[in-house]
Every structure is written in C-alpha cells, then in structure tokens.
Amino acid sequence: MPTTTWKRSAIVAAVGAGTLLGFAGTSSAVVPTEQSLDAPPKSVAPGAQVTFSGKLTGMGDRPLPGEPVDLEWRAGPDQPWSVSKTGQTNAEGVTSISVPVQRTSHWRLNYRGDEIHDPSLSAEQTVQAQKPVNQRIVDAAASEAGKPYSYGSSGPDSFDCSGFTQYVHGKVGIDLPRTSSDQRAAVPQIGKGDKVPGDLLFFSDGGGVYHVGIYAGGNQMWAAPESGDVVRKQDIYTESYTVGRAW
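Read in order, the letters of the sequence shown correspond to residues 1 to 247 in my numbering.
Following this line, the structure appears as structure tokens:
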C-alpha cells in the first residue's frame, strides 16, 4: 500500500466516519484545518518591512508543523490575489513571513491543504502604506509654494501665516484654530532641541504671536511671510520662537 494511502486510511480509522469532511475513495481531504493571521500594523511608511504571522491548526486545535503557507496580497477588494512569499509552519504551527509593504494593500495567509488536510484561508487584513504624518505636513506645505500672501486669507488661493498653517494641517486631517495665538494655545509645546520637520514654529516679540511657520528641517520653515510675498521656504530668522506639535 502506498505511504500516502496508508496515512489516509489510518486517519480515517482514527477520526471515525461520523466526523470526516471527506469520504473514502475520493480525493477529498479528511482533516479540517484553521489558518489564523495576527493583526499587522495598520499603517507603515512605504517600503517598511512587515512581518505577517499566523497559526495553522488541525483537528482538536493541534498545531500542524512543517506545512507550506502562502502569504498573499491584493491592492483592493476587486483585485486578484497574488502570492508574495511562501513560508513554513514551525513546531507550534506558526508561520512568520516578512515582506516590504510598498503600497496600501490587503493581506491573508493561505494554506492550500494536501490529500490529508483541508485547505484554509485566514481573515483578510489591511495595511496602509503612507509617509509619516509630519512628513506629509511638510509635503502639503511645499505644494502651496508660490501662492500670494493676503491678510486674513486661509486658502486655497492665498494665505496669511496662520491661514496657511491651518490649511496645510487640514489637508492631512488635522484641525487647527484660525489665529497663530490660538494655534499655539491649542497644541503641546516641544523643546527647540526636539523639533522635527512638520512642527509649528511660533514667533513672539514678548507679547502675542506675530508669525507662525512649519519647520522644514535645517534652519528653514515653510510660511506665508508678509504682504507682497508668497508662500515659500524661508530661514528661521530669530531665536525668539517656541515649538508646537499638532500631529
């Protein structure tokens, strides 16, 4: 008797006819399986390495070691599934597969089964791939370059300084008050040495805030400077400023 047929017959005898999913004399598998997928990060930077892990179990929730499992992905609900990489379950039935995630996509683990074990699919998980929010703030600020300064304007065709920062943050889903003083009051203060691109820089002459910009890195910021000027990257021209973080 061939080895596979002997194993199949042994399992059929052990499980009992009343609990089988397949039937003797057919090519159907007889042992049900369940493939899980642990929740991956919901959002990562494009190209970030993500590890997808899940457990494969058989009858009685017993782990199935040494089994091939495909990690599959698709770009959207109406797109076909493609195999990204194939892994193998360890002694605990766990598969862990690491791949770079370049774009927002849907993922699942697919155990295709064999003559003994039924195939099974994990639940589908979505991972969003996008730049960190502070970098998206800087990118949104840069996209408004060249638009004219206009006192009291908050876009989209012209801006004053706080109208510009409010508009840019709104483009990435962050609500800010309208004026620079209210914006400073609304966000947590950050030490100057801890500032990163995307933070807000509030300029004061000892009284109220008279100017606000978005830190661009180095000694520069994106801002709508003054009447007759345009939105542009400008130098941080004084040390009399505080830093706030809205993201």
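We put the beta carbon where it would ideally sit given N, CA and C, even for glycine.
- Message: Taking its Cβ as the centre, do 16 or more other Cβ atoms sit within 10 Å of R108, making it buried, or is it exposed?
- Response: buried
- Message: Which same chain residues end up closer than 8 Å to V50 when comparing Cβ atoms and leaving out the 5 residues on each side of it in sequence?
- Response: P40, P41, V44, S98, V99, P100, V101 and V127
- Task: From the DSSP output, in three-state form, read off R182 for me.
- Result: Checking the sequence shown, residue 182 turns out to be Asp, not Arg. Three-state result, D182: helix.
- Three-state secondary structure (DSSP) of R245: coil
- If you draw a straight line from the C-alpha of A13 to the C-alpha of M59, how long is it? Residue confidence for A13 is low, a pLDDT of 49 falling below 50, so the modelled location carries little weight and cannot support an answer.
- Item | For D235, the three-state DSSP class (helix, strand or coil) | strand
- From the DSSP output, in three-state form, read off L21 for me. Note on L21: pLDDT 43, under 50, position unreliable in the model; no value is reported.
- Query: So what does P49 bridge to, in DSSP terms?
  - Reply: Sequence check: residue 49 is Gln here, not Pro. Bridge partners of Q49: P100.
- Message: Please state whether the Cβ-Cβ distance between A246 and L200 is less than 9 Å.
- Response: yes
- First and last residue of the uninterrupted beta strand (DSSP E) at T165: Per DSSP, T165 belongs to no beta strand (DSSP E); it is in the alpha helix (DSSP H), C161 to K171.
- Message: Comparing C-alpha positions only, which one of G47, V69, R184 and D78 sits nearest to A129?
- Response: G47
- Starting from A216, trace the beta strand (DSSP E) both ways and give me its first and last residue. V209 to G217
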